[in-house]
Each structure stands twice: as structure tokens, then as C-alpha cells.
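Asks:
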Amino acid sequence: MTLEEFAADFFENVLISAESDGLSLEDVITNDVLEYIKDCGEALEPQLCSLKARGLKINAIDYDDDNESIDLFITISREVSGVQKIPDREIIDAFSKAEKFFIAARDGTISDKIEEPDEHLSDFINIIQQTKTYVRNVRVFVLTNGLCSAHIVPKDKGEDNITWDYELWDIERVYQQYLIKSGKQKIEIDFERDYNFKLKCLQMDNVSDKVDEYLTILPAGILSDIYGQYKQGLLEKNVRTFLQFKTKVNSGIRETIRTQPDMFFAYNNGISTTAENVEVSHDGGVAYLSRIENLQIVNGGQTTASIYYTSNEKDIDLSKVFVPMKISVVKTGNSLNDIVPQISQFANSQTAIKASDFSSNSPYHVSIERCSRTIWIPESNGGKSVSKWYYERTRGQYLDERSRIPSKKDQKLFDAEHPKKYKFTKTDLAKYEMCWRQRPHDVSKGGEKNYLLFLKETDQNAELTKSEYERLLAKAILFKETDKLVTKKKLAGYKANVVTYTVSLLSHKSGQKLNLDKIWQQQKLNEELQSFIAKLIDTVWIHITQPPKQGMNVTEWCKRLECWNTLKDKYVDASILNDQLVNTGQEGKLLSEQQVKIIESASSIKGAIWFALAKWAKANSQLSPFDRKLAYNLGVLHNRGTKLSPKQADNAMRIRREAQEKGFIPEE
């Protein structure tokens, strides 16, 4: 795919998203470029926050409270297909407008320049004002689907105790990131040509019939330059992305570079890498690595990124910093995709990495992808199904698969079978599930943070059945339809928080008994359910926009458990939901708060505990045969992920209580 073809596809997808999501073309362009920026680790969770006034403009803002920094995003849109050149003066003007916005917001003069900012924008303005005493870094990103001159980006500067960084993401840079992530652009490093450096190495002879092994010592300055060029593309096979300086390890790396650069080699374990091929030259009996093809860091991503970001700080000298590096080169005839993940897993298993970090390739995610490629969306009129939901297990997978289709005719068939509005990602999946699990405060922390929390409490070895997959998508439909209802109300801000809390409140008030199978079959919500959700939206809006402390930031309030706990106890007449529940008999009626708590407690007991209890009871002639059998069955139900009925939950708690009274001690 050429740059011109990519730009045309990019804009075509913008048009589709704008129509399906009800957003402006500029907002969609902003969103789509931000996806690539987040993907390469350059930003956390930016929020759309549009403002256009005389001399000021902003399209999105991100506040990183852990690192006390603020990111500003301003978009220059070209609402035509193909590659359009952006004049240099327009780029310079965009950087200036974003910078002026921040200064006006910080100094409290923004009200003189804009009349009535929406509440979401006001929230960010308050954040800028409240953090002005300790925010020391502001980054300004200009985004565009046009083509720009690379040299036009201003140099970083220090001013008024603030370090200003500037980034430009035009269509060419987005295209390069796409090529790296899709594997179409391999990372090739020529040390002599690119760095005028001869890299000594030690080759281990014939250690394996699968890989060749090399050891070397890499100057940190070169490693920093390589990471600066390829960013997350270097970490494609790694299990972690850069965690910034939130961990003690990363902070220690930075401190060593600052204060004891000559001791870095002694203190640091170095990095483990893989490659498809290396070229070795010899001079005077000494071996040198001259070229590496498709370099990937499988362990040491934190070290690499920490070196890079520290190198951008003032008065940092990397000349005495060196990094041990191991390179495993997969021999011809062996599968790179099979061997590299194993090297990555075992290299990282020596540190405190959980299995959930290897999430993309887990049976859980693979099963969802498999279902999404085989299960058709039911047609409400009983006709032939023509479309499917598309699970993007790895970022960029949808666009990559579409781009490999040679003809326009076949691409249209792909679009009909996999409409973009039915595409969902891992972070979307986590959002749908965590809302249903009544965790809106965690969802409000942002896509990546919520996803990590979701991983910790989801069995990554479980494979979804057809019915479980369909119910998952019913939750997606519920979320998307609620989003549309919130949009119609024109609440002027906090839409993401309102949607999240509304879905969670619906889950709570229905006792998670909503008929998800019916939603899947209809692919929409009926009028009665829409009417009830509309009432919940009003309740949620009033609640989140009136924090307990005057002047409290609404966005931060929504991240607190207290916000959810004080909302879910509010009275809402939910009797209308009885016709929307799984069963129509008495069992389908809404459960009491006490019943819900008992079910939650019983469902939290692991299958292994039930199996151990059943074995203990039989060996010690304890409990009745019925209870011993039921204990075993409860273990089976837990491992299947089956939700317990009120009766099963009552029996479960009774059996566990009786077993513990008789001496059973579970191994947690």
C-alpha cells in the first residue's frame, strides 16, 4: 500500500465513522490519529475537547497526573480524499494557538477570549489552573491528515518553569506507524552507515539448531536514537509498553543516568532482543555487528524507553552510558512467530510479570477473534445475514486485513461483511465488560488503565462459547445505544462518564438479569428499555456533575469508588424492567440487594476451593452425599463461568460455612 492509497483509505474510514458515530469530520480525524499516537506509547488517554476561537484552538487534551504533565492536541483537517500539502505557516499557527490556549487557561484569562465553554472543556481548564504550581512539562501535538514539512516543528524550549515539547503527526507519520505495526516495514539498523560506529560482538557457536546467539555492548546514545525513530515498533513482540517513570525501576534508571552514568553498565541487566538476520564483519580478528534486520526488544523495553525519555532532559550526557545486549537470531526454516513469543515469555518470566500481560495471544482473546470471524449478525426480518462484528485482537488488524485485499470490488465485499461500525478492540471489550460488572469508576480512569484492571480479573485461559460471545456483543450494543441516547440529550460534556455510569446503573438495577440474548437477536434496544435508560441518564448526569465538595473536578470525581457507591443506592423505580429480564416467571423478577450480594460472594469462591472441599468432605465423612456432590458441581460451574441462581448461591454459602465449622481450611 502506497502513501496515496493509505491516505485515501484513511479518509474513506473517516467518512464512515463520521456517519455512524455522529461526529464531525475533524473530530473523527483527531480520534483516528490519536489511536496511532496512543499505539506507539506517546500518549495515555486523550479526550476530545473542541474549542475554536480567535487566536485559540484545541481538539483534545490529556492530563497525566502520575507524571504531572499536560498534552494538547490541535488538528488541521483536510476534508478531501488523497494527500494534501499543508502550508508551513498553517503548522506554525496551529502550534501557536494551542500554546496560547494553555497560557490563557493557566493564567485565568481564557474567559476573556471565549464566552461559554462546554462543561467538559471547563473541566480541563480547571485542571490546568489547579495544576499550574507543579506541572512542568507541556507537549503540543499538531495532527493532520495532510502532508507537512518535517523541518517546520519548533525546537523544544524552556519558559516560565515549563518545558515545552512539540510533535507533528501528519499523514506520512501515521502511514509509517501503520507500516511498522502491520509488519510491512521492518526495522533495519546499519551501525556503520547510520551511526558511523563499529559494534564489537561475541558470537556463541552452534548453541541451538533454532537460533544463533550474539552478545554485545551498545552505547546508550545509539539505543536512544533507535527507539526515538521506531518507538513501540521496537517493542512489537514485547509483553509490556513503556510505563513512563511510575515504577521504582524506571525512576532508578533515570537517577543512575543523571548521577552515576559510568555505573549504568554495572547496575543494569541489559536488554534481550531478537532479529531475523544480522551481518557480521571482521577486522583484525575482531567480530563486529554491522547490520541488524527486524530488531525487536523482548525484554528491556522499560530500560530502552527510560533511556530515551531521560536523554531529552536538560544537561543529560549519555556518553558514559552503555547497555548489555543479547541478540537471538532465528535460523532459516524456523518460524519467527512461534519462537519469538516464547523467547519473550521466558525472558520476562524472570521478573514480576503476570501471565495476563501476554494478553493478545491468550485463548480468551483468540476465541473472541474466532467467533467474530464465523458468527453472523442476525437479520431482524429473518432474511439472510450479511454482516459480522469484527474483533480487532491486535491494533491495526482491521485496516491491515482490508489493505491486503487486491481489488476494490473485493474490498467493498469486505466492508459489507465487516462494517467499520461493528469493529471493536480489546479496550472496547474491557469497557463493555467492566461497565456490566458495575465498575464505572475504573472505566473512567481511561482505556488502558481499565484494560489492565480487566485483565487481572478475567481468566485468560477461558474460551468463549457462541452464546457467551453473543452476550458480550449484546453488552456492546447496550453501550453504543446508550451513547446515542446521551448524545441526543446534548448535555454539554462528560459524555463518556455519563454513558459508563448509566450502563453500570442499568446493570445494577436489573441485577444483571437483562435479557442479553434478546438484545443480540434484535441488534437494538426496544422502546421500553430506551425510555428507562433515558431516565437513568438524567439521574447520572445530576449525580456526577454535583460532587460532594464544591469546586471538585468532575472527571476526577468520576474515578472514585465513592461516586459509584453513592449513585447505585439512589432509588429508581425499576419495575418497568421486569418485562426485560431473562425469565418471565418469579425467578426472573429483580433480585433484592441481599440476594445480589449473596450471589456475588458465592460466585467469587474459586473452583479449586470447591473441589478441595468435596474431596475433604468425602475423606473425612463430613457433609451429606448431596452436599458433597453439590460442592463438586459448584466447582464445575465456577470454572465454566456460569452465574449461580439465588438457590445455588444460598446452598453454596451454607455448605462452605458448615465445612469451615467442621474443620475445613481452604488454601486461598
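Residues 369 to 1036 (this note's numbering) are what the sequence shown spells out, left to right.
Glycine included, C-beta positions come from ideal geometry on N, C-alpha and C.
Which value, in whole angstroms, describes the spacing of the CA atoms of Gly815 and Asp577?
Replies: Taking the straight line from one Cα to the other gives about 42 Å.
Asks: How many whole angstroms separate the CB atoms of Tyr759 and Ala830, which I take to be in contact at a CB cut-off of 8 Å?
Replies: Wrong, their Cβ atoms sit about 16 Å apart, outside the cutoff.
Asks: Give the straight-line distance between the Cα atoms of Gln612 and Asn505, rounded to the nearest whole angstrom.
Replies: Low per-residue confidence applies at Gln612: pLDDT is 47, beneath 50, and the placement is therefore not dependable, though the value from the model is reported in the following sentence. Cα-Cα distance, rounded: 14 Å.
Asks: Can you give, in chain order, each stretch of the alpha helix (DSSP H) that sits fully within the segment 577 to 604 and has at least 4 residues?
Replies: If we require 4 residues or more, the alpha helix (DSSP H) runs fully inside the segment 577 to 604 come out as 588 to 598.
Asks: With DSSP run on the structure shown, which of helix, strand or coil describes Glu436?
Replies: Coil, per DSSP.
Asks: Counting along the chain, where does the alpha helix (DSSP H) carrying Pro1014 start and finish?
Replies: 1014 to 1029 is the extent of the alpha helix (DSSP H) around Pro1014.
Asks: Among Met631, Asp768, Ile745, Tyr677, which one has its Cα closest to the Cα of Pro692?
Replies: Among Met631, Asp768, Ile745, Tyr677, the Cα nearest to that of Pro692 belongs to Met631.
Asks: Using C-beta distances below 6 Å, list every residue in its chain close to Arg659, excluding the 5 sequence neighbours before and after it, in chain order.
Replies: Asp558, Glu647.
Asks: With DSSP run on the structure shown, which of helix, strand or coil describes Thr795?
Replies: Of the three classes helix, strand and coil, the one that applies to Thr795 here is helix, per DSSP.
Asks: Across which residues does DSSP place Ser899 in a beta bridge pair?
Replies: According to DSSP, Ser899 bridges with nothing at all.
Asks: Can you look up Phe379 in the DSSP assignment and give me helix, strand or coil?
Replies: Looking at Phe379 - three-state DSSP - the assignment turns out to be helix.
Asks: Report yes if the C-beta distance between Ala421 and Lys481 is below 7 Å; otherwise report no.
Replies: In this structure, Lys481 lies closer than 7 Å to Ala421 by Cβ.
Asks: For Gly349, which beta-bridge partners are listed by DSSP?
Replies: Outside the modelled stretch of the chain, which goes from 369 to 1036, sits residue 349, for which no answer is possible.
Asks: Give me, in chain order, the residues of the same chain whose beta-carbon lies closer than 6 Å to that of Val396; leave out the 5 immediate sequence neighbours on both sides.
Replies: Taken in chain order, the residues that qualify are Val382, Ser385, Ala386.
Asks: Can you tell me whether Ile405 is buried or exposed, with buried defined as 16 or more other CB within 10 angstroms of its CB?
Replies: Per the 10 Å Cβ criterion, buried.
Asks: Give the secondary structure of Cys569 by DSSP, where H, G and I count as helix, E and B as strand, and everything else as coil.
Replies: Looking at Cys569 - three-state DSSP - the assignment turns out to be strand.
Asks: Hey, could you find the ends of the beta strand (DSSP E) Thr1037 is sitting in?
Replies: Outside the shown range of the chain, which is 369 to 1036, sits residue 1037, and nothing can be said about it.
Asks: Along the chain, where does the beta strand (DSSP E) containing Lys420 start, and where does it finish?
Replies: Start and end: 415 to 421.
Asks: For Ile555 and Leu603, what's the separation of their Cα atoms in angstroms?
Replies: If you take the alpha carbons of Ile555 and Leu603, they lie about 11 Å apart.
Asks: Just the C-alpha distance for Lys616 and Phe492, rounded to the nearest angstrom, thanks.
Replies: Summary for Lys616: the model assigns pLDDT 46, below 50, so the residue's position carries little reliability; its value from the coordinates is reported in the next sentence. Lys616 and Phe492: Cα-Cα distance of roughly 29 Å.
Asks: Do Ser592 and Tyr502 have their CB atoms nearer than 7 Å?
Replies: No.
Asks: Could you tell me which of Thr923, Leu820, Leu586 sits nearest to Lys863, measuring between CA atoms?
Replies: Among Thr923, Leu820, Leu586, the Cα nearest to that of Lys863 is on Thr923.
Asks: Less than 7 Å between the beta carbons of Tyr534 and Val542, yes or no?
Replies: Contact flag unset, no.
Asks: For Ala428, which residues does DSSP report across the bridge?
Replies: In the DSSP output, where bridge partners are listed per residue, Ala428 has Leu416, Phe441.
Asks: Considering Cα atoms alone, identify which of Asp885, Gly514, Val698 is closest to Ile459.
Replies: Considering only alpha carbons, the answer is Gly514.
Asks: Note down, in chain order, each residue of its chain lying with its Cβ closer than 7 Å to the Cβ of Glu372, except the 5 sequence neighbours on either side.
Replies: Closer than 7 Å at Cβ, skipping near neighbours: Gly450, Val451.
Asks: Quick check for students: name the residue ranges of the beta strand (DSSP E) that lie wholly in the segment 638 to 712, counting only runs of 3 or more.
Replies: Qualifying beta strand (DSSP E) stretches, in chain order: 639 to 643, 645 to 651, 654 to 661, 664 to 667, 690 to 698.
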